[in-house]
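Quick note on the numbering used here: the sequence shown kicks off at 2 and runs consecutively. Quick reminder that beta carbons are idealized off the backbone N, C-alpha and C, glycines included. Below: one structure, written as structure tokens.
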Amino acid sequence: MNLDRLRDIVRGEAARRPVPVPPDATAPAPASPIRELTYEPVGGDGLPLDRRAVPAFEGTSIVETPFGPVSVIERVYQADAYLGRVRIEQCEVLHLDALGVLGGRRLAPRAPATRGPVFLDIETTGLSGGVGTVPFLVGCGYFDQGAFRTTQFFMHDFAAERALLHVVADFLAATPFIVTYNGRSFDVPVMEMRWLFHRVPPPLEDLPHLDMLPPARRLWRHEENGGERSCRLITLSEVLLGHVRVGDVPGFEIPQRYFDYVRHGDAEPLQAVLEHNRLDLVALAAITARAQRLVCDGAEAARDAGECLALGRMYRRAGQLAEAEAAFRRVARMAIAARPVREDAMHQLALLLRRQRRHDEAARVWQDLLAFGHGVSAAAREAVEALAIHHEHRARDLQRARELAARALQAERDPRRRDAVRHRLARLDRKLADLRRPPALQLLD
């Protein structure tokens with residue numbers, strides 16, 4: 002059953018709910034409470050253990066809900082603390098226009114909101130999603146006067162899931178928007194699935210959301226040597242922030258640690274899981290802030306040609322064409338940039354100019370690309386074709402257009418495109434033949 006079907010069921014039930022009976026009216030007898038799923042821990046001999054207390058991690062408080070208690074663990078990273086080379090107070094995310102460029106569309110924060118944006122990350126009983134995946138730890142981080150506060154909601158057993166979902170929904174009600182890392186594919190669908198399974202309208206359904214994984218891949222996936230780097234949050238923390246985690250728990254171990262806790266009651270191995278989740282939240286805030294500053298400061302703030310080229314693509318997609326042009330021109334001028342990156346920048350610049358009908362400028366960039374490249378890349382082949390069209394229809398230099406068309410035919414490997422180039426050559430030959438005919442013969446014709 003997919004999320005859309007579950008949403009329809011929950012909305013339908015909400016519409017069919019009876020109107021509350023006034024206090025002075027005769028009310029029906031209360032229904033028996035719903036029995037939640039329970040899981041009793043067992044010892045090494047397989048016999049049930051005495052029901053344990055809620056684990057008291059450092060910074061834990063117990064929040065009572067209509068569905069039972071929930072552990073809430075709070076931690077504060079002070080404004081003058083560092084994550085690698087970056088001060089915490091430098092990581093605050095405030096510029097909505099820049100975040101809109103990163104996400105591809107403008108963020109419209111939900112109102113009213115009593116705090117800033119919330120960075121969200123969950124830990125679950127599985128890594129593949131699906132109906133059996135349950136979030137046992139929901140981590141939320143936000144800035145408060147320069148400091149970064151993390152609030153983690155912990156589900157101490159499976160019977161407490163409804164209580165966990167209730168308190169998380171209350172927390173997110175005061176949030177203007179959320180920021181995640183791969184949240185559109187994992188965190189948000191998992192949370193929505195659990196809310197809907199409990200027949201509760203999911204509070205994230207209409208909450209603006211920025212998933213930082215796609216912009217991070219665009220900005221930092223490509224290395225200068227032509228290779229590709231991992232865009233895992235831990236890897237980017239090392240590369241961009243200089244923060245190396247020591248003793249971090251691998252992600253694939255996290256579900257098993259929670260299952261061991263539920264079965265045997267030992268919460269100590271979960272301390273590393275809590276720290277892993279907190280560091281993910283702080284790193285997400287720092288990387289989002291770095292991308293935000295890059296968009297605000299422009300192409301000159303890019304640390305290398307690949308980052309500058311990706312920034313130009315983001316500007317172009319957001320409709321900020323002047324900023325995109327500046328980014329592409331900067332990469333095109335970088336003598337130390339790798340050849341494919343520089344060639345790509347020239348290609349993007351020429352396309353941008355052509356779309357703005359700045360055809361003469363575009364032709365100069367196509368010519369630079371042709372002179373710079375080896376003439377065999379896809380961008381160089383497109384440059385030859387674009388210049389042939391320009392000289393035929395705009396510059397009216399038919400001889401130069403024919404030379405370029407002949408060069409394009411020699412480099413083209415696609416049979417259909419070769420046929421198109423042959424057709425252009427034949428047309429140019431006819432036009433050139435017409436120009437060479439004496440005027441008298443043209444009149445006789």
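Suppose you measure from the CA of residue i to the CA of residue j; what does that come to, to the nearest Å?
i	j	result
A339	A303	15 Å
V422	T126	58 Å
F154	P215	27 Å
Y83	R279	14 Å
V77	R200	34 Å
D261	D267	7 Å
G228	L220	14 Å
L211	P177	11 Å
L371	L241	35 Å
V55	S72	7 Å
L436	D420	25 Å
A284	Y259	23 Å
H454	E239	The requested residue 454 does not occur in the structure, where the chain is confined to residues 2 to 446.
A160	R317	50 Å
R358	A379	22 Å
P418	R218	Note on residue identity: the sequence assigns Arg, not Pro, to residue 418. Straight-line Cα distance between these residues: approximately 33 Å.
R331	R414	32 Å
R264	E75	26 Å
D446	P439	Legend: pLDDT at D446 = 48, less than 50; position of this residue unreliable, no value from coordinates given.
P209	A412	48 Å
R116	P251	32 Å
Classify residue i: buried if its beta carbon has 16 or more other beta carbons within 10 angstroms, exposed otherwise.
i	result
E59	exposed
V180	buried
R425	buried
I63	exposed
V132	exposed
H223	buried
H348	buried
T151	buried
A427	exposed
R455	Look at the range of the chain in this structure, 2 to 446, and you will see that residue 455 is not part of it.
H244	buried
I337	exposed
A434	exposed
I'd like to check one pair, residue j with residue i: are the Cβ atoms closer than 8 Å?
i	j	result
M213	P136	no
A292	L103	yes
E362	L352	no
T66	V168	yes
A409	R382	yes
A389	A364	no
A387	W367	yes
H392	H360	no
I123	D207	no
E344	F373	yes
Which residue wins for smallest C-alpha separation from residue i, given the options the options?
i	options	result
M335	P190, F198, L310 and R318	L310
H157	W196, D415, V139 and E93	V139
A323	F149, A300, F159 and L399	A300
V274	A286, P256 and D345	P256
R107	M315, A412 and L436	M315
D98	A175, R163, D398 and R294	R294
D398	S186, Q146, C141 and K432	K432
Y143	V263, A175, P202 and R258	A175
E254	G243, P270 and V245	P270
Q146	R163, C92 and S231	C92
H277	D298, D249 and C297	D249
Y182	R116, L234, G105 and G320	L234
Does any heavy atom of the ligand HEM sit closer than 7 Å to the C-beta of residue i?
i	result
Y83	Although the ligand HEM was asked about, the structure shown includes no ligands whatsoever.
Please check the pair residue i and residue j, which I expect to be a contact at CB under 8 Å, by giving their CB distance rounded to whole angstroms.
i	j	result
L205	L173	7 Å
V94	A328	Actually they are not in contact, since the Cβ atoms of V94 and A328 sit about 22 Å apart, beyond 8 Å.
A287	V87	5 Å
R111	E162	About 25 Å separates the two Cβ atoms, so there is no contact after all.
A164	G69	4 Å
V342	G307	6 Å
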